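Data first, discussion second: the structure below is written as structure tokens.
Residue numbers (full-length UniProt numbering), protein chains in the order written: chain A, 1 to 180; chain U, 1 to 180.
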């Protein structure tokens, strides 16, 4: 690794750039008249709080074409990632391979909402074996073999984890990575 | 990086696992009655040896849905990659993002011909900023910021490059990486 290059950041998509949980809430409201409450999700995966008769319904929904295409952008993500992109070498890294139907949707979503991110800096993978300096992710499993700076982006499922440097929103990312 | 884990290898797809050049040759024969000779490609990109009136025809073909779906597998690639997979942590890493329409084809092709490679170990990217120990690739641009062992897989376009450790085929990869 050259010491003169810009620091590299890998930024996750789901629940970091894209509001996947909002989509789940809307989907269960519309298709099952079932209200999922954010308050019930504290420290839990969505599958853990779904009514028993719906507990295996989540994965097929995620596999549907289009699921990832219309997700809302997380508040302030566009502005902060744009500013990070000026200062750092920013990569968007999503474990998209788990859902074969998600790749084209995710690509189109990124091109729409983050058009300044070049195709060269988009990574769809499984294990995030990335040679970067900073990783922003809501899943601690992605930090396991990573030796750089780990920023755990708050999502309900990780609310009870307290052994990582945490960022609760994009303003907090900006405060940590853009202030100096 | 843990010192106890298996060594990680990143293996490229086009012209390493998949015979993209064979597809180009067939395509120009069928659609343009034009014969592309491997002998003319020594040290050159295909675009450099196409007749002038066809020189801008290549990119649209690569962008066609299906282009990457029926590529032939390179000789011995399946057997050797299977054996590597037993000894190493094998990742398939393709700069697929350059061609938005290639992602699903490449995914399906890998699932068909290399079904033992889990989705967790497939990476579609642009720049190959990977935390691996060994990289097998036909493009030296992918070696630029990589500090591990680089194996340049012979393809006509790289024939004149001589400052990298070279493997001419999958049997030579086996001899280097499976003999000890």
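The beta carbon of each residue, even a glycine, is placed where N, CA and C say it ideally should be.
Source: prediction; values computed, not measured.
Residues of chain U with a Cβ closer than 8 Å to the Cβ of residue 126/A are, in chain order, 118, 119, 120, 121, 122, 123. Listed along the chain, the chain A residues whose CB falls inside 7 Å of the CB of residue 104/U are 103, 104. Around the Cβ of residue 156/A, a 10 Å sphere holds 16 or more other Cβ atoms; the residue is buried. If the five residues before and after residue 160/U are omitted, its C-beta is found closer than 6 Å to the C-beta atoms of 43, all from its own chain and listed in chain order.
Inter-residue distance for residue 38/U and residue 154/U is about 13 Å (C-alpha atoms, whole angstroms). By the rule that beta-carbons nearer than 8 Å mark a contact, residue 131/A touches chain U. Inside the stretch 29-100 of chain U, DSSP marks whole beta strand (DSSP E) runs of 3 or more residues at positions 89-94, from first to last along the chain. Nearest to residue 151/A by alpha-carbon distance, out of 120/A, 5/A, 4/A, 10/A, is 10/A. In the three-state scheme derived from DSSP, where H, G and I count as helix and E and B as strand, residue 16/U is classed as coil.
Boundaries of the alpha helix (DSSP H) around residue 105/A: 103-113. Rounded to the nearest angstrom, the Cβ distance from residue 71/A to residue 19/A is 6 Å, consistent with a contact under 8 Å. Ranked by how close their Cα comes to the Cα of residue 27/U, the residues 60/U, 133/U, 141/U, 40/U have 60/U in first place. Spatial neighbours of residue 126/A in its own chain (CB-CB distance under 8 Å, excluding positions within 5 residues in sequence) are listed in chain order as 95, 97, 98. Within the stretch 89-103 of chain A, contact with chain U at the beta-carbon level (separation under 7 Å) is assigned to 91, 97, 98, 100, 103. Residue 124/U is a Cβ neighbour of residue 103/U, given a cutoff of 8 Å. The beta carbons of residue 129/U and residue 131/A sit closer together than 8 Å. Looking at the backbone, the Cα of residue 119/A and that of residue 85/A are separated by about 14 Å.
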